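Read through the structure below, which is laid out as structure tokens, and then see the notes.
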Amino acid sequence: MDVYKQLIRPFLFRLDPETAHNLAKLVLRHAYLSRAVVRESLSVRDKRLHVDLGRLKLSNPVGLGAGFDKDCEMVETLERLGFGYVVVGSVMCRARSGNPRPRMIRDLEGEGLFSCMGLPSKGLDYAAAQLKRRKQGTVPLIINFNAEEFEEYLKCTEVLEPLGDAIEISLFCPNRTEDEGDFLDPRRVRTLLEEVAKRTKKPVFIKLPGYDSEDERQKRLDLIDLILSCQVEGITVTPKTFVKEKSLSVGQGTLTGRPAFAKMLKVVQDVFEMTKGKCHIKAAGGIFSAKDAFDAIAAGATTVEMVTGFG
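Taken in order, the sequence shown gives residues 35 to 345; the numbers are from this note's numbering.
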């Protein structure tokens, strides 16, 4: 009997999605509880699945993406779930509550999730304290962070860089609907990456938003070309799936999950074609099955990341 699929998952899906997520966090944060539902290792060990994500050596190309463990509270348990790597965050420099609830609504028919989280975070100091308790990791740990000010990116780099195997810098908020403005200004990005390079020798990944117009597409590809000239390890690509949804507290947000897959795949293809395969691409958005992962890798991704599909 599959206890998770037949008992736990149906129970969780009766709850508000944020309540269900918080309940899962409660279990995964505590070793004595998590051992009851997580085997010591769920890894599939097969050399044919090994992949190099730049300097990171992975046992398989499937990672847990940013957003599941925003405050770095479940790292040791998540590392036992069989992923090739784990991304925690987004960590914010200052604690913030995010948008009011409801800010997560299930799209049951489409296997998606409407969200307008607004980057809630317990802050940099809290996340760093959690990470310092981590024992020797069993898989590569990438720490994702975001910021509202230029100097906050640099502070996060300095504090978090020693605590993981790589860092990932988000240059956007996934729930913003207006133009990202300074977040994606090429001169600002170049200066940021030059300053980050002075503060770390570990792999650096950049997480970028998708696009839904030809003008945005060209700007994004030009920015990626600039980013790669700054010696980053790779790019995390996401689809742009902003929607109006009156059930959310702010009336709009992002649609993640299966409905995002086709757009994500197109972004992967565009980036792979533009970079002629010379860029390590982490594909995030709508990965639910082995076929989804295969299709994304066939389109040019080095790895794929699950968050919504991890339920």
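In this text, a Cβ means the ideal position worked out from N, Cα and C, and glycines have one as well. Being a predicted model, the structure only gives us computed values, none of them experimental.
- Judged by DSSP in its simplified three-state form, Arg140 adopts strand.
- The three-state secondary structure of Met340, taken from DSSP, is strand.
- Taking every protein chain shown into account, the CB of Ser323 has fewer than 16 other CB atoms within 10 angstroms, so this residue is exposed.
- Around Phe217, the same chain offers Leu205, Phe206 as residues with beta carbons nearer than 6 angstroms, after the five sequence neighbours per side are excluded.
- The shortest CA-to-CA distance from Lys59 to any of Asp80, Pro95, Arg130, Asp103 is the one to Asp103.
- Taking the C-beta atoms as reference points, Tyr187 is found nearer than 8 angstroms to Ile203.
- Boundaries of the beta strand (DSSP E) around Ala318: 314–318.
- Here Lys104 carries a coil assignment [DSSP, helix/strand/coil].
- Arg168 carries a coil assignment under DSSP once its states are collapsed to helix, strand and coil.
- Under the three-state reduction of DSSP, Thr111 is assigned to helix.
- 8 angstroms or more divides the Cβ of Ala200 from the Cβ of Val271.
- Cβ contact annotation for Gly132 (same chain, cutoff 7 angstroms, sequence separation greater than five): Met151, Gly152, Leu153, Pro154, in chain order.
- By the 16-neighbour rule on beta-carbons within 10 angstroms, Glu143 is exposed.
- Residue pairing by DSSP puts Arg130 in a beta bridge opposite Ser155.
- Per the coordinates, the alpha-carbon of Asn94 lies some 38 angstroms from the alpha-carbon of Ser281.
- In the structure shown, the three-state DSSP call for Thr270 is strand.
- With 16 or more other CB atoms across the displayed protein chains lying within 10 angstroms of its CB, Phe239 is buried.
- For Phe179, the enclosing beta strand (DSSP E) covers residues 175–179.
- Bridge pairing for Gly287: Val277 [DSSP].
- Taken atom to atom, the span from the alpha-carbon of Ala335 to that of Phe306 is near 8 angstroms.
- Counting the other CB atoms within 10 Å of its CB gives His84 a total below 16, which places it among the exposed residues.
- Look at Leu218 here: in three-state DSSP terms it is helix.
- Note on geometry: alpha-carbon atoms of Leu257 and Phe184 lie some 18 angstroms from one another.
- Taking C-beta separations shorter than 6 angstroms and ignoring five residues to either side along the sequence, the partners of Pro134 in its chain run Ser283, following chain order.
- Under the three-state reduction of DSSP output, Phe239 falls in the strand class.
- Taking 8 angstroms as the cut-off, the beta carbon of Gly118 is found no closer than this to the beta carbon of Gly101.
- Glu202 is bridged by DSSP to Asn178, Phe239.
- Within the same chain, and ignoring the five residues on either side of Leu255 in sequence, the residues whose Cβ sits closer than 6 angstroms to its Cβ are Met308.
- Listed as beta-bridge partners of Val85 by DSSP are Leu92.
- For Tyr245, no alpha helix (DSSP H) encloses it, and the DSSP letter there is neither H nor E.
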